[in-house]
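Going by our numbering, the residue at position 105 of the sequence shown is 105; the numbering climbs one at a time, nothing skipped. Let me begin by presenting the structure, written as structure tokens, before commenting on it.
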Amino acid sequence: MHPLRQRTEPPTIAEIEEEWRRRARRTGLGPVMRASQPAELAPAVTAATRGQVAGHLDRLSVLLGRPLRSALEIGCGIGRLTPTIAATAERVLAVDMTEEMLARARVACAGLGNVEFQRRTAQRLAIPESRVDVAVCVWVLMHVLDDAEFAAACRGIARSAAHLVLVEYTDAAVPVGRYSRLRSLADYLDALPGARLVERGELCYGGDVSFSALIALDQP
Ligand SMILES: C[S@@+](CC[C@H](N)C(=O)[O-])C[C@H]1O[C@@H](n2cnc3c(N)ncnc32)[C@H](O)[C@@H]1O
């Protein structure tokens, strides 16, 4: 293939999976952090992300007037945020596209008795009989590039969960590469059936900006 075609054509699903298998071999927080950012920023950004996710989950628990019973983590990666979710929800199902990420997450979360890991993609979630209280999805849907796959993922999330904690890039200091696609919070709210914004925060990472949001997924 001509090298220019290689760079401009969107990656296939097989190429995307191979890319995440490759990234899973990086050390430390490297598999899930942006390679264009200095590695020394990763711990503080991770602490801030855990804080944002915990804040949204606590707010949801207050709104429901009870502890969270069930959570679905979509694209759990190396389990960076899984303990934060498991500290708030009674049961957590954490899924990821690749076995390589899941293997690292299982090791990182070995002490957590309320977490189950399974290989699934965001666009092919097996729909549970009753919706979980909350799905948590951090820096994952920005990697679902294709419009039809993105719409399928959003429909599946709304059928699987009554609420969504979503963190995704809106602006990037260094332009994103061919495995990422920036969308606005409004784009996500349009694509998620029944979406209603409950609260919104912001996460800055070097010059990169992500929104964080608690979204109710109302059923028609
Ligand atoms: C940037 S990492 C974020 C991981 C984790 N959410 C975190 O914040 O630490 C993206 C993760 O999503 C997974 N992923 C990418 N596309 C996916 C998809 N379509 N379905 C499920 N997982 C996906 C990758 O394997 C990777 O583990």
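Virtual Cβ for every residue (Gly too), placed ideally from N, Cα, C. As the structure is a prediction and not an experimental result, all values here were calculated from the model.
Closest by C-alpha distance to residue i, when choosing among the options
| i | options | result |
| --- | --- | --- |
| V53 | A153, S210, R124, I157 | S210 |
| E202 | A135, L60, P38, Y169 | Y169 |
| A86 | C109, L64, Q219, A44 | C109 |
| G177 | L145, C137, L102 | L145 |
| V92 | A152, A158, D133 | D133 |
| A191 | L64, R104, D147 | D147 |
| I74 | A14, H163, C137, T27 | C137 |
| R104 | G65, A172, A186, V32 | V32 |
| S212 | P10, T27, A14, A48 | A48 |
| Y221 | E90, H163, Y188, E40 | The requested residue 221 is not part of the displayed model; the chain covers only 1 to 220. |
| E90 | R183, L112, V107 | L112 |
| M226 | R200, I13, T27, V167 | Outside the displayed span of the chain (1 to 220) sits residue 226, for which this structure offers no information. |
| E116 | V95, S184, R200 | V95 |
| V107 | Q118, I78, A135, P128 | I78 |
| R29 | S130, V45, D208 | Just to set this straight, residue 29 is Leu in the shown sequence, not Arg. Answer by Cα proximity: V45. |
| L185 | W139, A42, S160, R131 | W139 |
| C76 | H163, A135, R196, L189 | A135 |
| S160 | P128, G207, I13, R34 | P128 |
Beta-bridge partners of residue i, as assigned by DSSP
| i | result |
| --- | --- |
| R240 | Given that the chain is displayed from residue 1 to residue 220, the structure contains no residue 240 and the question cannot be resolved. |
| C137 | I74, L166 |
| R119 | D96 |
| V132 | A161 |
| D171 | V209 |
Cut-off 6 Å between Cβ atoms - residues of its own chain near residue i, not counting five sequence neighbours on either side
| i | result |
| --- | --- |
| V198 | L214, A216 |
Same chain, Cβ closer than 7 Å to residue i, neighbours up to 5 away in sequence not counted
| i | result |
| --- | --- |
| R50 | L81, T84 |
| T98 | E17, W20, R21, A24 |
| S36 | V174 |
| Q219 | G194 |
| H153 | For the record, residue 153 in the displayed sequence is Ala; it is not His. Same-chain partners within the cutoff: A122, Q123, L141, V144. |
| Q118 | L93, V95 |
| A158 | L192, P193, G194, L217 |
Contact set for residue i: own chain, Cβ-Cβ below 8 Å, skip 5 residues either direction
| i | result |
| --- | --- |
| A126 | R120 |
| R88 | In the sequence on display, residue 88 carries Thr and not Arg. Cβ neighbours of T88 beyond the five flanking positions: A54, L57, D58, S61, P67, L68, A71. |
| M1 | Any reading at M1 is ruled out, since the residue's pLDDT is 46, under 50, leaving its predicted position unreliable. |
| R155 | P193 |
| N114 | A86, A89, E90, R91, V92 |
| Y179 | P11, I16, E19, H143, L145 |
Fill in: Completely contained beta strand (DSSP E) runs for the region 196 to 220, where each covers 3 or more residues
Counting whole runs of 3 or more residues, the region 196 to 220 contains the beta strand (DSSP E) stretches 208 to 217.
Practice prompt. Would you mind listing the alpha helix (DSSP H) stretches within the region 8 to 55 that are 4+ residues and don't spill past its ends, in chain order?
Written response: If we require 4 residues or more, the alpha helix (DSSP H) runs fully inside the region 8 to 55 come out as 13 to 23.
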